[in-house]
Ligand code: PBG
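Numbering (this note's numbering), first residue to last: 73 to 424.
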């Protein structure tokens with residue numbers, strides 16, 4: 073019998089059979105019973121391989137000018153006014169969530185063809201960064217580098233005759249990264265999927281003296297339908313013309329994800345990310361196994377929306393499904409997860 077884990081009974085030394093009381097059920101004679109390790113909570117905790125902690129969480133926040141408000145497709149998540157972003161960071165600190173991620177809802181009047189508001193040192197993200205670094209410096213702040221919250225067409229890059237330009241976009245992204253670093257950003261996260269942007273941003277940061285600003289690249293980012301609610305939140309669903317398939321990855325590919333990650337590491341990424349999350353755990357596991365880099369997963373807005381919708385209808389136990397989905401990331405090899413559930417998970421972990 074070919075058993076890799078645990079020996080079959082035949083291969084074991086035979087002992088004299090133990091007298092079994094007449095009324096005991098007949099034994100199957102199994103040497104290995106995996107249920108022994110599952111029989112009580114203490115035993116399950118003792119043998120558990122992957123454990124989620126608050127240190128694994130990155131909490132994405134949406135910031136808006138003036139007053140905040142709910143996002144219909146993301147129940148429980150709100151666009152936050154500047155002051156409330158600071159309050160949220162204080163909450164993160166209290167809950168020992170190490171890092172937050174900032175995403176702006178840009179006033180439609182400030183969006184243009186080139187996304188020029190991205191380079192305004194007084195834009196919403198930069199003002200939030202300054203406030204955060206002054207009030208709650210102990211919490212790390214990650215910022216997307218991409219033009220989509222700022223462009224009138226909703227794309228991550230510059231566009232000419234319907235084509236997203238690569239090298240011209242990269243030049244702008246370097247400037248966007250510098251504006252954010254100047255405002256106090258700890259982790260620059262290029263989410264645009266242009267070729268060569270990690271290297272260019274690293275060089276730009278270094279030349280400007282930002283040697284300690286990290287880069288977490290959205291290395292394997294797929295052209296996914298699961299970003300829908302996020303685009304509602306930042307106001308780009310309404311404006312997006314076409315789709316992002318000429319720069320984000322094809323959902324059918326996995327070898328290509330390794331090439332993306334390999335390039336980003338070579339260009340100087342400190343951490344890499346896979347996105348979306350649960351539907352791409354195979355990619356995450358492969359990347360972690362291949363490169364052993366600090367590797368993060370983004371449980372994106374559509375994944376959050378699905379769980380919340382099912383839980384809201386009473387079809388799932390929301391808390392349990394949330395915890396199970398997050399431990400799945402750890403099991404697949406993630407060092408951490410960007411998740412809209414972050415404060416809820418942290419509260420739960422604190423109580424358990
Ligand atoms: C912007 C960006 C997106 C997300 C993070 N950064 C959307 C997109 O690429 O269209 C998605 C996050 C989510 O769905 O939660 N480039």
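Even glycine gets a Cβ: it sits at the ideal position worked out from N, Cα and C.
As for any beta strand (DSSP E) of minimum length 3 sitting wholly inside the region 229-317, the runs are 259-262, 286-293, ordered along the chain. Between residue 374 and residue 301, the C-beta spacing is below 8 Å.
Following the DSSP letters along the chain, one finds residue 355 inside the alpha helix (DSSP H) bounded by residues 353-363. For residue 76, no alpha helix (DSSP H) segment is defined, and its DSSP state is neither H nor E.
Listed as beta-bridge partners of residue 371 by DSSP are 411. Rounded to whole angstroms, the Cβ separation of residue 333 and residue 359 is 5 Å, and the two are in contact under 8 Å. A distance below 8 Å separates the beta carbons of residue 369 and residue 349. Judged by DSSP in its simplified three-state form, residue 150 adopts strand. At least one heavy atom of the ligand PBG lies closer than 7 Å to the C-beta of residue 299. Taking 7 Å as the cut-off, one finds at least one heavy atom of the ligand PBG near enough to the beta carbon of residue 303.
Distances between the C-beta of residue 255 and the heavy atoms of the ligand PBG are all 7 Å or more.
For residue 343, the enclosing beta strand (DSSP E) starts and ends at 343-347. The shortest CA-to-CA distance from residue 123 to any of 408, 402, 422, 418 is the one to 402. The alpha-carbon separation between residue 183 and residue 215 amounts to approximately 18 Å. With a cut-off of 7 Å, the C-beta of residue 218 is classified as near the ligand PBG, since at least one heavy atom of the ligand falls inside that distance. When rounded, the separation of the alpha-carbon atoms in residue 229 and residue 241 is 5 Å.
For residue 130, the secondary structure class from DSSP, reduced to helix, strand or coil, is strand. In this structure the region 285-295 touches the region 319-328; the number of beta carbon pairs closer than 8 Å is three or more. Closest in C-alpha terms to residue 252, from the list 346, 217, 387, comes 217. Distances from the CA of residue 157 to each of 140, 169, 121 were compared; the closest alpha carbon is that of 140.
Close CB contacts of residue 357 within its chain, under the 6 Å cut and outside five residues either way in sequence, are with 404, 405 (chain order). Here the region 230-250 lies against the region 272-284, with 3 or more beta-carbon pairs under 8 Å apart.
Proximity of the beta carbon of residue 264 to the ligand PBG is indicated: a heavy atom of the ligand is located closer than 7 Å. Assignment of residue 212 by DSSP, reduced to helix, strand and coil, places it in the strand class. Between residue 310 and residue 145, the C-beta gap is not smaller than 8 Å, which leaves the two residues out of contact. Taking C-alpha positions only, residue 289 is separated from residue 339 by approximately 10 Å.
Burial of residue 190 is indicated by the presence of at least 16 other C-beta atoms within 10 angstroms of its C-beta. At least one heavy atom of the ligand PBG is found less than 7 Å from the C-beta of residue 370. The bridge partners DSSP lists for residue 321 are 294. For secondary structure counted as the alpha helix (DSSP H) over 4 or more consecutive residues, the region 137-191 holds these complete runs in sequence order: 154-166. An exposed status is given to residue 109, since fewer than 16 other beta-carbon atoms sit within 10 Å of its beta-carbon. If you ignore the 5 residues before and after residue 307, its C-beta comes within less than 6 Å of the C-beta of 177, all in its own chain and listed in chain order. By the neighbour-count criterion, in which a residue is buried when 16 or more other Cβ atoms sit within 10 angstroms of its Cβ, residue 77 is exposed. Residue environment analysis places residue 392 among the exposed positions, since fewer than 16 neighbouring C-beta atoms fall within 10 angstroms of its C-beta.
For residue 141, the distance from the CB to the nearest heavy atom of the ligand PBG is not below 7 Å. Nearest to residue 380 by C-alpha distance, out of 395, 152, 186, is 395.
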